[in-house]
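Numbering (our numbering), first residue to last: 901 to 1268.
Built from N, CA and C at the ideal position, the CB exists for glycine as well.
The structure presented is a predicted model; accordingly, all values stated were derived computationally and were not measured.
Here's the structure we're looking at; comments come further down.
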């Protein structure tokens, strides 16, 4: 993971980050980001190591119940360690806040902090930089998600909740982007039990779920890159089926197979239809050529993918530690409580626009 930024950004990009970032020395034991606080900077770890910790809500019903079940009085859980080349605070420019967990220095560390204001201005002014930067962030988040899945499996957690506000993703695109997807993609009706992507193999297409439902499945065998390949080769054997575990369900509006746009990236999950499903299939080759030729669309596309992956990651982190409260139907809302599914007013426009754009796509394709 430490080489992702170096591989995806060019020398001018790195020079801009260097000139516009501020070096900060963080002492061992000092927190860089606090859970539930708004993040104002993106941080790149230059030296040292940080631990990501999530605090459970001891005052909440879930927090008390799970602490009792696990006989666990410790309301903090380590979920990840990040070293040189990793990023912290991606939610600062993805309109996702506050922070889902705390990051504390394990040893004396050095980070490069870039303010949200400067970064957002650069991303708007330089579409080439934006395309490369968002792509790097998406790859980092994808790899981080795969890492956390292993912790998720060890703790035998239940399924993740479906992502909310999926239409917001289409609010990131322009009408011309959607027109291109419709012209280059094709409608595909997929029966139940069909595998569209498999762990250990490269995704061949990008899919947008228009109707139906898919399972997000992982393999419980401990894997590295080479073992993923051999697991994929063995999956035809019945004995491998018992190693599969569904961790989430994907529904209408989800974009899946996003790893098809990452260089030589093997899928860490299997995607399988649960029922009759209709998808818009966009071939990998056509998509990559378009993103190469149109940096403005590439910037919007990879930003949408980064938001999607960040949402999945936040949901996984929240499930691991119950770090946020979720509003339940019939519950009295508290003005002092921040709920996991509470919508910021600043992104309402994108949700409405994205919803309208997705409905327009469905009508164009004759799905509704």
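6 Å Cβ shell around residue 1250 - same chain, five flanking residues per side excluded: 1068, 1071
Residues of its chain near residue 1087, where Cβ-Cβ distance is below 7 Å and the 5 sequence neighbours each way are ignored: 1178, 1180, 1265
Inter-residue spacing [alpha-carbon to alpha-carbon] between residue 937 and residue 1081: Rounded to whole angstroms, residue 937 to residue 1081 spans 37 Å at the Cα level.
Boundaries (first-last residue) of the beta strand (DSSP E) holding residue 910: Neither: residue 910 is in no beta strand (DSSP E) and is coded neither H nor E.
Residues near residue 1214 by beta carbon distance below 6 Å, same chain, minus five either side: 1000
Member of 929, 930, 1145, 1258 whose CA lies at the smallest distance from the CA of residue 1154: 1258
From 918, 987, 1095, 1011, residue whose alpha carbon lies closest to that of residue 1043: Comparing Cα positions, the closest option is 987.
Residue 1167: first and last residue of the uninterrupted beta strand (DSSP E) it sits in: Looking at the DSSP string, residue 1167 is not in any beta strand (DSSP E), and its letter there is neither H nor E.
Integer-rounded CB distance, given that residue 1182 should sit under 8 Å from residue 1085: 4 Å
N-terminal and C-terminal residue of the alpha helix (DSSP H) that residue 1114 is part of: Secondary structure note for residue 1114: it is in no alpha helix (DSSP H), and the uninterrupted beta strand (DSSP E) holding it is 1114 to 1119.
Residues sharing a beta bridge with residue 1086, DSSP: 1181
Given residue 942 as reference, the closest of 1150, 933, 1078, 948 once Cα atoms are compared: 933
Reduced DSSP category for residue 1192 - H, G, I as helix; E, B as strand; rest coil: helix
Integer-rounded CB distance, given that residue 1151 should sit under 8 Å from residue 1092: Their Cβ separation, rounded to whole angstroms, is 15 Å, which puts residue 1092 and residue 1151 out of contact at 8 Å.
For residue 903, three-class secondary structure by DSSP: coil
Residue 1016 and residue 908 closer than 9 Å at C-beta: no
Residue 1105 - DSSP class collapsed to helix/strand/coil: strand
Contacts around residue 929, its chain only, beta-carbon distance under 8 Å, and the 5 residues preceding and following it disregarded: 1004, 1005
Residue 958 to residue 975 span [Cα, whole Å]: Interpretation of residue 958 is limited by its pLDDT of 48, a score under 50 that renders its predicted location unreliable; the figure taken from the coordinates is listed afterwards. Whole-angstrom Cα-Cα distance: 7 Å.
Contact belief for residue 921 with residue 1012 at Cβ below 8 Å, rounded distance in angstroms: 4 Å
Where residue 1153 sits in the DSSP three-state scheme: coil
Sheet register partners of residue 944 (DSSP bridge): 987, 1012
Where residue 1119 falls, given that 16 or more other Cβ within 10 Å makes a residue buried: Residue 1119 is buried by the Cβ-count criterion.
With 16 other Cβ atoms within 10 Å as the buried cut-off, status of residue 1252: exposed
Cβ-based burial, residue 1105 [other Cβ within 10 Å; buried from 16]: buried
Within 9 Å, strictly: CB atoms of residue 1158 and residue 1116: no
Length of the line joining the Cα atoms of residue 998 and residue 1048: 20 Å
Alpha-carbon spacing of residue 1002 relative to residue 1095, whole angstroms: Going by the C-alpha atoms only, they are around 37 Å apart.
Close Cβ partners of residue 1114 (< 6 Å) along its chain, the five nearest in sequence each way excluded: 1150, 1171, 1173
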